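J.: Starting off with a structure, shown below.
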Amino acid sequence: MGIQIAPSILSADFADLDAEIGRLGDADLVHVDVMDNHFVPNLTIGLPVVEAILARTDRRVDCHLMIEDPDRWAPGYAEAGAYNVTFHAEAARAPVRLARELRRLGARAGVGLRPATPVEPFEVLLPEIDMLLVMTVEPGFGGQSFLDVCLPKIRRAREMVSRSGLDVWVQVDGGISTETIERCAEAGADVFVAGSAVYGAEDAAGAVEQLRALAIRHA
Ligand code: DX5
Ligand code: ZN
299 MGIQIAPSIL SADFADLDAE IGRLGDADLV HVDVMDNHFV PNLTIGLPVV EAILARTDRR
359 VDCHLMIEDP DRWAPGYAEA GAYNVTFHAE AARAPVRLAR ELRRLGARAG VGLRPATPVE
419 PFEVLLPEID MLLVMTVEPG FGGQSFLDVC LPKIRRAREM VSRSGLDVWV QVDGGISTET
479 IERCAEAGAD VFVAGSAVYG AEDAAGAVEQ LRALAIRHA
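Okay, so the sequence shown: first residue is 299 according to this note's numbering, each after it adds one.
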């Protein structure tokens, strides 16, 4: 698939999501952060708002579920028509069963890892998933500084995926900007979430293309 840019609407104007999603130009995915104030200390939106977004846009919606008990809640997002549903490894009770369920419902399945969660134990999961999300900040808020201690983990994730011969995307999320995207691309990430770097720019579509160009040059 190559390099993909996934703007996060966490930094958008929540009162005007339709227009905010319309500003994204040629972005590949729209990244939607679902937080439950239990898995992370913040509360955002849930399934009804995601359904409303899906009803208004033809874009591919990438749901990042920062919630407890994804085994119970994640399938609803796949049923609603999300293109990708990522649940957190730290929260899932039965990740293989859940990933299979998401795929059965027609979504891609992603597994997210907090910065301190090692990637190696998830090698066995690779045949069951479509994307590994390596968080590059502690999940919960937009606008945080990139944690460069995560770079070796991105590299190990890419090596694991290459060894497997499977087409599993490696996504990075948190503090991705023109300052940090090159290092992530060099380390092997291919899907880049950016919230404040896109919505903080006057020209959001231009910011997407600027990020894409930097990532392509360093992939
Ligand atoms: C944080 C979210 C991110 C967030 C990224 O927990 O998962 O998707 O929107 O925001 P920036 O790009 O501003 O770090
Ligand atoms: Zn996210």
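For glycine and all other residues, C-beta sits at the position ideal for the given N, C-alpha and C. Predicted model only: the values in this text are computed from it and were never measured.
#1: Which one of 431, 507, 365 has the shortest CA to CA distance from residue 466?
#2: Drop a sphere of 10 angstroms on the beta-carbon of residue 382, count the other beta-carbons inside from all chains shown, and report buried for 16 or more, exposed for fewer.
#3: From the DSSP output, in three-state form, read off residue 333 for me.
#4: From which residue to which residue does the alpha helix (DSSP H) around residue 496 run?
#5: Verify the contact flag: residue 331, CB atom, against every heavy atom of the ligand ZN, threshold strictly below 7 Å.
#6: How big is the Cα-Cα spacing for residue 439 and residue 340?
#7: Note down, in chain order, each residue of its chain lying with its Cβ closer than 8 Å to the Cβ of residue 503, except the 5 sequence neighbours on either side.
#8: By alpha-carbon positions, which one of 316, 448, 346, 393 ends up nearest to residue 367?
#9: Thinking just about the alpha-carbon of each residue, which of 460, 428, 469 is nearest to the one in residue 448?
#10: Tell me whether residue 491 counts as near the ligand ZN, meaning its Cβ is closer than 7 Å to at least one heavy atom of that ligand.
#11: Short check: CB of residue 513 to CB of residue 490, under 8 Å?
#12: Residue 306: beta carbon under 7 Å from a heavy atom of the ligand ZN?
#13: Residue 475: buried (16+ other C-beta within 10 angstroms of its C-beta) or exposed?
#14: Among 359, 350, 385, whose alpha-carbon lies nearest the alpha-carbon of residue 328?
#15: Is the distance from the Cβ of residue 459 to the Cβ of residue 424 below 8 Å?
#16: By DSSP's criteria, residue 361 is part of a beta bridge. Which residues make up the other side?
T.: Reading off the structure:
#1: Position 168 of the sequence shown, counted from the first residue, corresponds to residue 466. Relative to residue 466, the option among 431, 507, 365 whose CA is nearest is 431.
#2: As a first step, residue 382 is located in the sequence shown; it is residue number 84 there, counting from the start. Result: buried.
#3: As a working note, residue 333 is residue 35 in the sequence shown. Strand at residue 333.
#4: As a first step, residue 496 must be located in the sequence shown, where it is residue number 198. If you look at residue 496, you'll find it in the alpha helix (DSSP H) that goes 494 to 497.
#5: Sequence index remark: in the sequence shown, residue 331 carries index 33 (1-based). With a threshold of 7 Å, the Cβ atom of residue 331 counts as near the ligand ZN, since some heavy atom of the ligand is closer than that.
#6: If you number the sequence shown from 1, residue 439 lands on position 141. If you number the sequence shown from 1, residue 340 lands on position 42. Near 7 Å, if we compare the C-alpha coordinates of residue 340 and residue 439.
#7: Looking up residue 503 in the sequence shown gives position 205. Taken in chain order, the residues that qualify are 321, 322, 323, 324, 325.
#8: Position 69 of the sequence shown, counted from the first residue, corresponds to residue 367. When only C-alpha atoms are compared, the closest one is 393.
#9: Here residue 448 refers to the residue found at position 150 of the sequence shown. When only C-alpha atoms are compared, the closest one is 469.
#10: Start at 1 with the first residue of the sequence shown, and residue 491 comes out as number 193. Yes, the ligand ZN has a heavy atom inside 7 Å of this Cβ.
#11: Stepping through the sequence shown from its first residue, residue 513 is reached at position 215. Stepping through the sequence shown from its first residue, residue 490 is reached at position 192. Yes, Cβ-Cβ distance for residue 513 and residue 490 is below 8 Å.
#12: Within the sequence shown, the letter at position 8 stands for residue 306. For the ligand ZN, at least one heavy atom lies less than 7 Å from the Cβ of residue 306.
#13: Taking the sequence shown and counting its residues from 1, one reaches residue 475 at position 177. Classification of residue 475: buried, given that the 10 Å Cβ count is 16 or more.
#14: In the sequence shown, residue 328 corresponds to position 30, counting from 1. Answer by Cα proximity: 359.
#15: In the sequence shown, residue 459 corresponds to position 161, counting from 1. In the sequence shown, residue 424 corresponds to position 126, counting from 1. Going by C-beta atoms, residue 459 is nearer than 8 Å to residue 424.
#16: Working through the sequence shown from its first residue, we reach residue 361 at position 63. In DSSP, residue 361 forms a bridge with 330, 383.
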